[in-house]
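Notes follow the structure.
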Amino acid sequence: MEEHISLEQSRGACYKFLSDCYYLPDAGLLKMINSSCGSARDLCSEMAQSITGSDDIESIQVDYSRLFVGPYGLLAPPYGSVYLENKRMLIGDSTLDVRQKYADEGLSINLKEAPDHIAIELEFMYFLIHKEVEAALMGNAAQAVDYIRKQRGFLEVHLARWVCDLTNRMAAKAETAFYRKLANLTKTFIEADTKNLSEMMCPQ
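Last residue of the sequence shown: number 368 in our numbering, and the count goes up by one each step with no gaps.
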(Lines of atoms letter the chains of each structure in order from A and count residues from 1; the text may use other names and numbers.)
(Lines give C-alpha, C1' and ligand atoms only; values in the text may rest on other atoms or scores of the structure.)
Protein backbone atom coordinates (compact mmCIF):
# COMPACT_ATOMS: atom_id res chain seq x y z
CA MET A 1 0.00 0.00 0.00
CA GLU A 2 2.78 2.44 0.93
CA GLU A 3 4.54 1.76 -2.37
CA HIS A 4 1.33 2.37 -4.32
CA ILE A 5 0.69 5.64 -2.49
CA SER A 6 4.25 6.77 -3.18
CA LEU A 7 3.84 6.00 -6.88
CA GLU A 8 0.56 7.90 -7.01
CA GLN A 9 2.10 10.89 -5.27
CA SER A 10 4.84 10.86 -7.89
CA ARG A 11 2.22 10.73 -10.66
CA GLY A 12 0.50 13.70 -9.11
CA ALA A 13 3.79 15.61 -8.91
CA CYS A 14 4.35 15.01 -12.63
CA TYR A 15 0.92 16.37 -13.52
CA LYS A 16 1.46 19.43 -11.31
CA PHE A 17 4.85 20.05 -12.85
CA LEU A 18 3.52 19.83 -16.40
CA SER A 19 0.60 22.08 -15.50
CA ASP A 20 2.93 24.75 -14.12
CA CYS A 21 4.97 24.69 -17.33
CA TYR A 22 1.93 25.71 -19.40
CA TYR A 23 1.36 28.98 -17.55
CA LEU A 24 3.09 32.20 -18.61
CA PRO A 25 6.74 31.66 -17.61
CA ASP A 26 8.53 34.09 -15.32
CA ALA A 27 11.86 34.36 -13.53
CA GLY A 28 10.71 31.78 -10.98
CA LEU A 29 10.36 29.06 -13.63
CA LEU A 30 13.81 27.56 -13.10
CA LYS A 31 13.34 27.65 -9.31
CA MET A 32 10.00 25.85 -9.69
CA ILE A 33 11.57 23.22 -11.92
CA ASN A 34 14.50 22.61 -9.60
CA SER A 35 12.23 22.32 -6.56
CA SER A 36 9.99 19.65 -8.08
CA CYS A 37 10.03 16.29 -6.37
CA GLY A 38 9.58 12.58 -6.95
CA SER A 39 9.30 11.29 -10.50
CA ALA A 40 8.80 14.86 -11.67
CA ARG A 41 12.56 15.34 -11.17
CA ASP A 42 13.20 13.18 -14.21
CA LEU A 43 10.98 15.46 -16.27
CA CYS A 44 12.46 18.56 -14.70
CA SER A 45 16.08 17.79 -15.47
CA GLU A 46 15.52 18.08 -19.21
CA MET A 47 13.50 21.27 -18.85
CA ALA A 48 16.10 22.86 -16.56
CA GLN A 49 18.85 22.10 -19.08
CA SER A 50 16.94 23.94 -21.80
CA ILE A 51 16.61 27.05 -19.62
CA THR A 52 20.24 27.09 -18.50
CA GLY A 53 21.36 26.25 -22.02
CA SER A 54 20.32 27.97 -25.25
CA ASP A 55 17.03 29.40 -23.96
CA ASP A 56 16.60 32.30 -21.57
CA ILE A 57 13.41 33.38 -19.83
CA GLU A 58 12.76 36.19 -22.29
CA SER A 59 13.03 33.82 -25.27
CA ILE A 60 10.69 31.37 -23.55
CA GLN A 61 8.17 34.13 -22.82
CA VAL A 62 8.21 35.24 -26.45
CA ASP A 63 7.74 31.66 -27.62
CA TYR A 64 4.87 31.20 -25.15
CA SER A 65 3.08 34.18 -26.69
CA ARG A 66 3.72 32.95 -30.23
CA LEU A 67 2.38 29.48 -29.51
CA PHE A 68 -0.49 30.05 -27.11
CA VAL A 69 -1.56 33.72 -27.18
CA GLY A 70 -1.20 35.34 -30.58
CA PRO A 71 -1.79 38.13 -31.56
CA TYR A 72 -2.02 36.91 -35.16
CA GLY A 73 -3.57 33.53 -34.49
CA LEU A 74 -2.59 30.70 -32.20
CA LEU A 75 0.12 28.41 -33.53
CA ALA A 76 -0.71 25.78 -30.88
CA PRO A 77 -4.11 26.52 -29.30
CA PRO A 78 -3.98 25.24 -25.69
CA TYR A 79 -7.75 24.64 -25.51
CA GLY A 80 -9.36 21.21 -25.83
CA SER A 81 -12.44 22.44 -27.67
CA VAL A 82 -10.34 23.58 -30.64
CA TYR A 83 -9.42 19.94 -31.28
CA LEU A 84 -12.59 18.21 -30.07
CA GLU A 85 -15.32 20.38 -31.62
CA ASN A 86 -16.24 20.02 -35.29
CA LYS A 87 -16.07 23.77 -35.91
CA ARG A 88 -12.82 24.16 -33.94
CA MET A 89 -14.50 26.66 -31.63
CA LEU A 90 -12.97 27.95 -28.41
CA ILE A 91 -16.05 27.25 -26.31
CA GLY A 92 -18.18 24.20 -27.07
CA ASP A 93 -19.95 21.24 -25.52
CA SER A 94 -16.64 19.70 -24.49
CA THR A 95 -15.75 22.89 -22.62
CA LEU A 96 -19.04 22.81 -20.74
CA ASP A 97 -18.52 19.15 -19.89
CA VAL A 98 -15.09 19.93 -18.44
CA ARG A 99 -16.58 22.72 -16.35
CA GLN A 100 -19.22 20.29 -15.06
CA LYS A 101 -16.52 17.77 -14.13
CA TYR A 102 -14.89 20.45 -12.00
CA ALA A 103 -18.21 21.38 -10.41
CA ASP A 104 -18.92 17.71 -9.62
CA GLU A 105 -15.77 17.72 -7.49
CA GLY A 106 -16.85 20.85 -5.67
CA LEU A 107 -14.46 23.10 -7.56
CA SER A 108 -15.73 26.58 -8.28
CA ILE A 109 -13.28 27.95 -10.79
CA ASN A 110 -13.24 31.62 -11.70
CA LEU A 111 -10.50 31.82 -14.27
CA LYS A 112 -9.20 34.13 -16.94
CA GLU A 113 -8.63 31.07 -19.10
CA ALA A 114 -11.26 28.66 -20.42
CA PRO A 115 -11.69 25.55 -18.23
CA ASP A 116 -10.29 23.29 -20.97
CA HIS A 117 -6.92 25.06 -21.09
CA ILE A 118 -4.15 22.44 -21.01
CA ALA A 119 -2.69 23.78 -17.74
CA ILE A 120 -6.05 23.58 -15.98
CA GLU A 121 -6.87 20.07 -17.21
CA LEU A 122 -3.44 18.85 -16.10
CA GLU A 123 -3.97 20.45 -12.69
CA PHE A 124 -7.38 18.77 -12.43
CA MET A 125 -5.67 15.40 -12.91
CA TYR A 126 -3.32 16.36 -10.08
CA PHE A 127 -6.37 17.17 -7.93
CA LEU A 128 -8.01 13.80 -8.66
CA ILE A 129 -4.81 11.95 -7.79
CA HIS A 130 -4.52 13.95 -4.57
CA LYS A 131 -8.07 12.94 -3.63
CA GLU A 132 -7.29 9.31 -4.47
CA VAL A 133 -4.22 9.34 -2.21
CA GLU A 134 -6.18 11.08 0.54
CA ALA A 135 -8.86 8.37 0.41
CA ALA A 136 -6.25 5.60 0.42
CA LEU A 137 -4.51 7.07 3.46
CA MET A 138 -7.86 7.14 5.27
CA GLY A 139 -8.39 3.47 4.45
CA ASN A 140 -11.29 4.15 2.07
CA ALA A 141 -10.32 1.79 -0.75
CA ALA A 142 -13.66 2.10 -2.58
CA GLN A 143 -13.37 5.88 -2.77
CA ALA A 144 -9.75 5.64 -3.89
CA VAL A 145 -10.75 3.32 -6.74
CA ASP A 146 -13.56 5.70 -7.67
CA TYR A 147 -11.04 8.52 -8.07
CA ILE A 148 -8.88 6.29 -10.26
CA ARG A 149 -11.94 5.70 -12.46
CA LYS A 150 -12.49 9.46 -12.64
CA GLN A 151 -8.89 9.97 -13.71
CA ARG A 152 -9.20 7.37 -16.44
CA GLY A 153 -12.51 8.80 -17.61
CA PHE A 154 -11.20 12.35 -17.76
CA LEU A 155 -8.17 11.30 -19.76
CA GLU A 156 -10.13 9.17 -22.20
CA VAL A 157 -12.94 11.68 -22.77
CA HIS A 158 -10.89 14.85 -22.68
CA LEU A 159 -7.15 15.32 -22.18
CA ALA A 160 -5.76 12.23 -23.93
CA ARG A 161 -8.02 12.82 -26.96
CA TRP A 162 -6.41 16.11 -27.91
CA VAL A 163 -3.01 16.35 -26.26
CA CYS A 164 -1.22 14.73 -29.23
CA ASP A 165 -2.62 17.32 -31.65
CA LEU A 166 -1.50 20.12 -29.36
CA THR A 167 1.97 18.75 -28.70
CA ASN A 168 2.57 17.95 -32.37
CA ARG A 169 1.87 21.60 -33.18
CA MET A 170 4.13 22.73 -30.37
CA ALA A 171 6.97 20.52 -31.56
CA ALA A 172 6.62 21.81 -35.12
CA LYS A 173 6.20 25.52 -34.32
CA ALA A 174 8.23 26.15 -31.15
CA GLU A 175 11.40 28.20 -31.52
CA THR A 176 12.81 27.24 -28.12
CA ALA A 177 14.10 23.89 -26.91
CA PHE A 178 12.03 24.40 -23.77
CA TYR A 179 8.68 24.08 -25.53
CA ARG A 180 9.86 21.37 -27.90
CA LYS A 181 10.93 19.31 -24.88
CA LEU A 182 7.73 20.17 -23.02
CA ALA A 183 5.71 18.95 -26.01
CA ASN A 184 7.53 15.62 -26.09
CA LEU A 185 7.38 15.11 -22.32
CA THR A 186 3.68 15.93 -22.16
CA LYS A 187 2.76 13.62 -25.02
CA THR A 188 4.89 10.74 -23.74
CA PHE A 189 3.66 11.05 -20.16
CA ILE A 190 -0.06 11.33 -20.99
CA GLU A 191 0.07 8.40 -23.42
CA ALA A 192 1.84 6.21 -20.87
CA ASP A 193 -0.44 7.23 -18.00
CA THR A 194 -3.59 6.61 -20.04
CA LYS A 195 -2.33 3.13 -20.91
CA ASN A 196 -1.36 2.39 -17.31
CA LEU A 197 -4.74 3.48 -15.95
CA SER A 198 -6.54 1.38 -18.54
CA GLU A 199 -4.50 -1.68 -17.57
CA MET A 200 -5.00 -0.95 -13.87
CA MET A 201 -8.79 -0.86 -14.23
CA CYS A 202 -8.98 -3.72 -16.75
CA PRO A 203 -6.19 -6.16 -15.82
CA GLN A 204 -5.47 -8.99 -18.23
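C-beta: ideal position from N, C-alpha, C; glycine also.
- Residues of the same chain with a CB within less than 8 Å of the CB of Y311, apart from the 5 flanking positions on each side, are L292, I293, K295, E296 and A299 in chain order.
- Per DSSP, reduced to three states, the secondary structure at Y186 is coil, with no helix or strand assignment.
- S183 counts as buried, since no fewer than 16 other beta carbons sit within 10 angstroms of its beta carbon.
- Per DSSP, reduced to three states, the secondary structure at Y236 is coil, with no helix or strand assignment.
- Bounds of the alpha helix (DSSP H) holding M289 are I282 to L301.
- The stretch 321 to 349 is shown to contain whole alpha helix (DSSP H) runs of 4 or more residues at 324 to 337, in chain order.
- Short of 6 Å from the beta carbon of E285, and not among the five residues preceding or following it, lie these beta carbons of its own chain, in chain order: L323.
- Counted as a single uninterrupted DSSP element, the stretch harbouring I255 is not any alpha helix (DSSP H), since DSSP gives it neither H nor E.
- Counting only the Cα atoms, Y243 lies some 10 Å from V327.
- With respect to the 9 Å criterion, Y343 and D227 are classified as neighbours on the basis of their beta carbons.
- Bridge partners of Y243 according to DSSP: H281.
- Rounded to whole angstroms, R263 and E277 show a C-alpha spacing of 12 Å.
- Excluding residues up to 5 positions away in sequence, Y247 lie with their Cβ nearer than 7 Å to the Cβ of D329 in the same chain.
- Where D310 is concerned, the enclosing alpha helix (DSSP H) starts and stops at A305 to F318.
- Between the beta-carbon of R333 and that of L188 there is about 18 Å, and that puts the pair past the 8 Å contact cut.
- Counting the other CB atoms within 10 Å of its CB gives E172 a total of 16 or more, which places it among the buried residues.
- Secondary structure at A191: coil, using DSSP grouped into helix, strand and coil.
- Just measuring C-alpha positions, the residue of H281, R313 and C185 sitting nearest N360 is R313.
- The criterion of a C-beta distance shorter than 9 Å is satisfied by A338 and L231.
- Burial state of H168 is exposed, judged by a 10 Å Cβ sphere holding fewer than 16 other Cβ atoms.
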